[in-house]
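**Q** Take this structure, written in C-alpha cells, and hold onto it; I'll ask about it next.
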Amino acid sequence: MQKGTKVLGIEGTAWNLSAAIFGDELVSLHSNPYQPRSGGIHPREAAQHHASVMKEVIAAVLTDPGEIAAVAFSQGPGLGPCLRTVATAARSLALALDVPLVGVNHCVAHIEIGRFATGCDDPITLYVSGANTQVIGYLNGRYRIFGETLDIGIGNGLDKFARSKDFPHPGGPRIEELARGGGHIDLPYTVKGMDLAFSGLISAAQESRAPLEDVCHSLQETAFAMCVEVTERALAQAGKDEVLLVGGVAANARLREMLQVMCEERGARLFVPERQFCGDNGAMIAYTGKIMLEHGATLQIEDSRANSHYRADKVAVVWRTEPQKVPTPGVRQGAEAVVVIGEDDVTKRRVSKSYRAEALDARLIAERTRAEARLVAAARKGGVATPIIYDVSGDTITMERVDGVLLRDAPTPGHLAIAGEAVGRLHAAGIVHGDLTTSNMIARDGRCVLIDFGLAFTSAEIEDRGVDLHVLFQTLESTTAEPDRLKTAFLQGYASAFPEAAAIMEREQEIERRGRYL
Numbered sequence: 001m002q003k004g005t006k007v008l009g010i011e012g013t014a015w016n017l018s019a020a021i022f023g024d025e026l027v028s029l030h031s032n033p034y035q036p037r038s039g040g041i042h043p044r045e046a047a048q049h050h051a052s053v054m055k056e057v058i059a060a061v062l063t064d065p066g067e068i069a070a071v072a073f074s075q076g077p078g079l080g081p082c083l084r085t086v087a088t089a090a091r092s093l094a095l096a097l098d099v100p101l102v103g104v105n106h107c108v109a110h111i112e113i114g115r116f117a118t119g120c121d122d123p124i125t126l127y128v129s130g131a132n133t134q135v136i137g138y139l140n141g142r143y144r145i146f147g148e149t150l151d152i153g154i155g156n157g158l159d160k161f162a163r164s165k166d167f168p169h170p171g172g173p174r175i176e177e178l179a180r181g182g183g184h185i186d187l188p189y190t191v192k193g194m195d196l197a198f199s200g201l202i203s204a205a206q207e208s209r210a211p212l213e214d215v216c217h218s219l220q221e222t223a224f225a226m227c228v229e230v231t232e233r234a235l236a237q238a239g240k241d242e243v244l245l246v247g248g249v250a251a252n253a254r255l256r257e258m259l260q261v262m263c264e265e266r267g268a269r270l271f272v273p274e275r276q277f278c279g280d281n282g283a284m285i286a287y288t289g290k291i292m293l294e295h296g297a298t299l300q301i302e303d304s305r306a307n308s309h310y311r312a313d314k315v316a317v318v319w320r321t322e323p324q325k326v327p328t329p330g331v332r333q334g335a336e337a338v339v340v341i342g343e344d345d346v347t348k349r350r351v352s353k354s355y356r357a358e359a360l361d362a363r364l365i366a367e368r369t370r371a372e373a374r375l376v377a378a379a380r381k382g383g384v385a386t387p388i389i390y391d392v393s394g395d396t397i398t399m400e401r402v403d404g405v406l407l408r409d410a411p412t413p414g415h416l417a418i419a420g421e422a423v424g425r426l427h428a429a430g431i432v433h434g435d436l437t438t439s440n441m442i443a444r445d446g447r448c449v450l451i452d453f454g455l456a457f458t459s460a461e462i463e464d465r466g467v468d469l470h471v472l473f474q475t476l477e478s479t480t481a482e483p484d485r486l487k488t489a490f491l492q493g494y495a496s497a498f499p500e501a502a503a504i505m506e507r508e509q510e511i512e513r514r515g516r517y518l
C-alpha cells in the first residue's frame, strides 16, 4: 500500500545531483552539482561526487518519509557511472520506504516538466543540453524524434570550444557574454534535413584567427540558427503551433530570441520554463515519476538497470491519453520558402529569416538557390523525375508545376516503394538530397517526383547516403502510424534501383544505433 501522495525524484545523469519532492506541485528541490577541477566532466569523478553527497541531497528534501508514494530516478540516457550511482540509491530508498520504483527517461522528463511549468499542450520540443540536441514531437503514444545531432550535442560543443579558450566550465555563459560585442564571420553551417551536425562548426571556431568576440558571436549565431531551422521544419511537417524550449542551453537569451522571432513569423507560440526547470533538476524526475505512477508505469527492482542510451522514442507515454491522429496539414508556408502555384508553373522564393544574422541569411539563400537549380538538372540527367527548371534568380526558382499526390498526405507502401526507386536513382547519380521527407515527394503516373533540392549536394560517400535515408526514416517514425511497413516498402524500391543499396542500408542502421549521449 502506498504510504503517501508525493514522489521523491533523483536526477544524476551527468554533472548535477539533484533531488525533489513533488505532490500537486513542487514541494522541495535541492541540488549539489559536480564541478570538475579542469576540463569537462569526468564520469567517474562525477559519480564519486554524487555518491559522496547523496545523503546530504536526499536529506535536504526528504523531511517526512511517510509522505512518499514512490521513488523516481533518472534511468537514462546519461553517463554510465553517474546513472548507476543514482539507480543504486533509488533502489535502496524504495526498498527502505517500501514504495514503488519509477524509472524516468531524462529527455522525456525535460518535456513533461516543461509542459507542466508553461501550460503548453502539444508542442514541438527543442531539447538542447550538454549531450543532447533533439527536435521532438508527440504522436500515437510516443515522443517521436524529428531530428537530432549526428555528432556532438550543442552544449558539449560549446564547452569544447570554451575549454580551448580556457573559459571556466560551463562555457556557455562566457561565450554568450563575449558574443554580445562581436560581429559576423563565416563558419560551417550543417543541416541535413531535420538533422544537424556541430563538429565542423566547433573545429572551425577553434581554429579561427578572428577576434574572439567575433568568433563567439558567429559560433552562437550559426549553431542556434541551425537549431531554429530544424525546429521550424518540424513545425511545418507536423502542423503544430507550439514550440517548447528545454535543456540547459535554453538559458541562453539569444537562442530564446531567435526562436521567438521564428514563432512569431509562423504564427506559433514559444514556451520556455523558468530557469530552475531548464537545466537538469530533480523536480523534472519527481514530476514525471508522479504522472507515471498515476498510470501504473512502475518498475520491478530487477528491471531497474540504468540505460545510458535510453532514447525518448522508446518510452511508452501511457499518461498522455488524448486522441492523436497522423498530421495532415493543409496548404501553408514551408520552412524556408514561399511557393506560389500557377496554372502552368510554380515559383519558389526563399524568404529571409529574421532570426538569422543578415550575412548568414543572405549566404544561405544564395547558396541553396543556386545548388537547387544545378542539382535538379543533374538529377534529371540521372533518370530521376524532377520538375523542369524554367528560370533562376538570386532567391527565386520558376519551375514546372507537378500535379500528383504529396506523399505526406498519402504515405502508402506503394507510394514509398516508388519513392525508394527514385532515391536509388538519385544516389546512383552521385547526388544526396539532404532533405528527404514525405513533404518533398509527389506520386505522379506511377513514378515519384522528387522536389526541394535546397539542401542537396554531390557525394558518393556511404555515410552521406545513409544519413539521407535516416532523415526519411525519422520523418516516417515521427509522422506516420506504420513506419516499419513503409520503410520496408521504401527499401525494396531503393534496392531495385541502386546496386550499392545493401551497404547504404547497413550504414543507416549503424547511424540509427549510434548513441547521441556522447
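Each residue of the sequence shown is one higher than the one before, counting from 1 in the UniProt record's numbering.
All C-beta atoms in this analysis are idealised placements derived from N, C-alpha and C, irrespective of residue type, glycine included.
Since the structure is predicted, the reported quantities are computational estimates derived from the model, not experimental observations.
Please give me, in chain order, every unbroken run of the beta strand (DSSP E) with length at least 3 that falls completely inside the stretch 14-74.
**A** If we require 3 residues or more, the beta strand (DSSP E) runs fully inside the stretch 14-74 come out as 16-22, 26-33.
**Q** Out of GLY80, ALA70, VAL230, which one is the CA nearest neighbour of LEU101?
**A** Counting from one through the sequence shown, the residue named residue 101 turns up at place 101. The candidate whose alpha carbon is nearest that of LEU101 is ALA70.
**Q** Any chance you could list the alpha helix (DSSP H) runs of at least 4 consecutive residues sitting entirely within the stretch 211-273, in chain order?
**A** For the stretch 211-273, whole alpha helix (DSSP H) runs of length 4 or above, ordered along the chain, are 212-238, 253-266.
**Q** Is the beta carbon of ASP345 sitting closer than 8 Å to the one on ARG380?
**A** Taking the sequence shown and counting its residues from 1, the one referred to as residue 345 is at position 345. Taking the sequence shown and counting its residues from 1, the one referred to as residue 380 is at position 380. In this structure, ARG380 does not lie closer than 8 Å to ASP345 by Cβ.
**Q** Here's the rule I'm using: 16 or more other beta-carbon atoms within 10 Å means buried, otherwise exposed. How should LYS55 be labelled?
**A** As a working note, residue 55 is residue 55 in the sequence shown. With fewer than 16 other Cβ atoms within 10 Å, it is exposed.
**Q** Nearest-angstrom Cα distance between ILE58 and GLU274?
**A** Along the sequence shown, one-based indexing puts residue 58 at 58. Along the sequence shown, one-based indexing puts residue 274 at 274. Approximately 23 Å between the Cα atoms of the pair.
**Q** Quick check for students: name the residue ranges of the alpha helix (DSSP H) that lie wholly in the stretch 429-480, counting only runs of 4 or more.
**A** Runs of the alpha helix (DSSP H) inside the stretch 429-480: 462-479.
**Q** With DSSP as the reference, label LEU486 as helix, strand or coil.
**A** Position 486 of the sequence shown, counted from the start, is the residue given in the question as residue 486. DSSP places LEU486 in helix when its eight states are reduced to three.
**Q** Let me know the alpha helix (DSSP H) ranges lying completely inside the stretch 132-182, each 4 residues or longer, listed in chain order.
**A** Runs of the alpha helix (DSSP H) inside the stretch 132-182: 154-164, 172-179.
**Q** Could you tell me which uninterrupted alpha helix (DSSP H) segments, each at least 4 residues in length, are contained entirely in the stretch 395-435, listed from first to last along the chain?
**A** The qualifying runs are 413-428.
**Q** Is it buried or exposed, ASP484, if we count other Cβ atoms within 10 angstroms and call 16 or more buried?
**A** Here residue 484 corresponds to residue number 484 of the sequence shown, with the count starting at 1. Exposed is the call here.
**Q** Give me the DSSP bridge partner(s) of ARG350.
**A** The count along the sequence shown starts at 1 and reaches residue 350 at position 350. Beta-bridge pairing links ARG350 to ALA337.
**Q** Out of SER304, ARG513, ALA501, state which residue places its alpha-carbon closest to the alpha-carbon of VAL104.
**A** On the sequence shown, residue 104 is found 104 positions in, with the first residue counted as 1. For VAL104, the nearest C-alpha among the options comes from SER304.
**Q** Using only alpha-carbon positions, find the residue among ASP186, LYS290, GLY383, PHE73 that is nearest to LEU360.
**A** Indexing the sequence shown from 1 puts residue 360 at position 360. Closest by alpha carbon: ASP186.
**Q** What's the gap between the Cα of residue 527 and the Cα of HIS295?
**A** Since the first and last residues shown for the chain are 1 and 518, residue 527 lies out of range.
**Q** ARG408 to SER496, Cα distance in whole Å?
**A** Here residue 408 refers to the residue found at position 408 of the sequence shown. Here residue 496 refers to the residue found at position 496 of the sequence shown. Cα-Cα distance, rounded: 23 Å.
**Q** Taking all protein chains shown into account, decide if ASP435 is buried (16 or more other Cβ within 10 angstroms of its Cβ) or exposed.
**A** For this step, residue 435 is matched to residue 435 along the sequence shown. Buried, since its Cβ has 16 or more Cβ neighbours within 10 Å.
**Q** Do the stretch 111-130 and the stretch 224-237 make contact, defined as three or more Cβ pairs closer than 8 Å?
**A** Yes, since at least three Cβ pairs between the stretch 111-130 and the stretch 224-237 fall closer than 8 Å, the two stretches touch.
**Q** Roughly how many angstroms separate the alpha carbons of THR231 and THR479, rounded to a whole number?
**A** Within the sequence shown, numbered from 1, the residue matching residue 231 stands at position 231. Within the sequence shown, numbered from 1, the residue matching residue 479 stands at position 479. Spanning the two alpha carbons is a distance of roughly 15 Å.
**Q** Please state whether DSSP places THR386 in a helix, a strand or coil.
**A** Start at 1 with the first residue of the sequence shown, and residue 386 comes out as number 386. THR386 falls in the coil class under three-state DSSP.
**Q** For THR190, collect the residues of the same chain with a Cβ closer than 8 Å to its Cβ; drop the 5 residues on either side in sequence, then sort them by chain order.
**A** For the purposes of this step, residue 190 is identified with residue 190 of the sequence shown, where counting begins at 1. Hits under 8 Å: LEU196, ALA197, PHE198, GLY200, LEU201, MET226.
**Q** Leaving aside the five residues before and after ASP445 along the sequence, list all residues of the same chain whose C-beta is less than 6 Å from its C-beta, in chain order.
**A** Against the sequence shown, residue 445 aligns to sequence position 445. Here the set comprises nothing.
**Q** So that I know if they touch, is there some Cβ in chain B lying closer than 8 Å to that of ASN156?
**A** Here there is only one protein chain, and chain B is not present.
**Q** Are the stretch 245-261 and the stretch 89-98 in contact at 8 Å, needing three or more beta carbon pairs?
**A** In short, these stretches do not touch, since the Cβ pair count stays below three.
**Q** Go ahead and label ARG332 buried or exposed: buried means 16 or more other beta carbons lie within 10 angstroms of its beta carbon, across all protein chains shown.
**A** Along the sequence shown, one-based indexing puts residue 332 at 332. Any reading at ARG332 must be qualified, since the residue scores a pLDDT of 43, below 50, and its modelled position is unreliable; the value itself is stated next. Exposed, by the Cβ-count rule.
**Q** May I have the straight-line CA-CA distance separating GLU512 from HIS470, to the nearest angstrom?
**A** The sequence position of residue 512 within the sequence shown is 512, counting from 1. The sequence position of residue 470 within the sequence shown is 470, counting from 1. Looking at the two C-alpha atoms, the distance is approximately 7 Å.
**Q** Going by C-alpha to C-alpha distance, which of PHE161, ARG174, PRO387 sits closest to ASN440?
**A** Taking the sequence shown and counting its residues from 1, the one referred to as residue 440 is at position 440. The shortest Cα separation from ASN440 among PHE161, ARG174, PRO387 belongs to PRO387.
**Q** Quick one, are the C-beta atoms of residue 526 and THR5 less than 8 Å apart?
**A** Residue 526 lies beyond the range of the chain shown here (1 to 518); nothing can be said about it.
**Q** Might you give, ordered along the chain, the residues of its own chain that have their beta carbon closer than 7 Å to the beta carbon of VAL432, omitting 5 neighbours on each side?
**A** Translated into the one-based positions of the sequence shown, residue 432 becomes position 432. Excluding positions up to five away in sequence, the list reads ALA456, PHE457, SER459, ASP464, ARG465, ASP468.
**Q** Under a three-way DSSP split, which group does ASP391 fall into?
**A** Taking the first residue of the sequence shown as position 1, residue 391 is located at position 391. In this structure, ASP391 counts as strand in the three-state DSSP scheme.
**Q** Taking the CB atoms as reference points, tell me whether THR396 and ARG363 lie closer together than 8 Å.
**A** Against the sequence shown, residue 396 aligns to sequence position 396. Against the sequence shown, residue 363 aligns to sequence position 363. No, these two residues do not count as a Cβ contact at 8 Å.
**Q** Using only the alpha-carbon positions, how far apart do ILE124 and PHE146 sit?
**A** Residue mapping note: residue 124 aligns to position 124 of the sequence shown, counting from 1. Residue mapping note: residue 146 aligns to position 146 of the sequence shown, counting from 1. Approximately 9 Å, taken between the alpha carbons.
**Q** Mapping DSSP to helix, strand and coil, what is ILE185?
**A** By 1-based counting over the sequence shown, the position of residue 185 is 185. It is coil, neither helix nor strand.
**Q** Verify whether the separation of the beta carbon atoms of ASN281 and ALA20 is less than 8 Å.
**A** As a first step, residue 281 must be located in the sequence shown, where it is residue number 281. As a first step, residue 20 must be located in the sequence shown, where it is residue number 20. Cβ atoms of ASN281 and ALA20: closer than 8 Å.
**Q** Excluding sequence positions up to five away, which residues of its chain have a Cβ less than 7 Å from the Cβ of ALA286?
**A** Walking along the sequence shown from the start, residue 286 turns up at place 286. Result list for ALA286: VAL7, LEU8, GLY9, ALA20, ILE21, PHE22, ALA72, in chain order.
**Q** Would you kindly work out how many angstroms separate the C-alpha atoms of ALA47 and ARG356, rounded to a whole number?
**A** On the sequence shown, position 47 is the one that residue 47 refers to. On the sequence shown, position 356 is the one that residue 356 refers to. One C-alpha to the other measures close to 40 Å.
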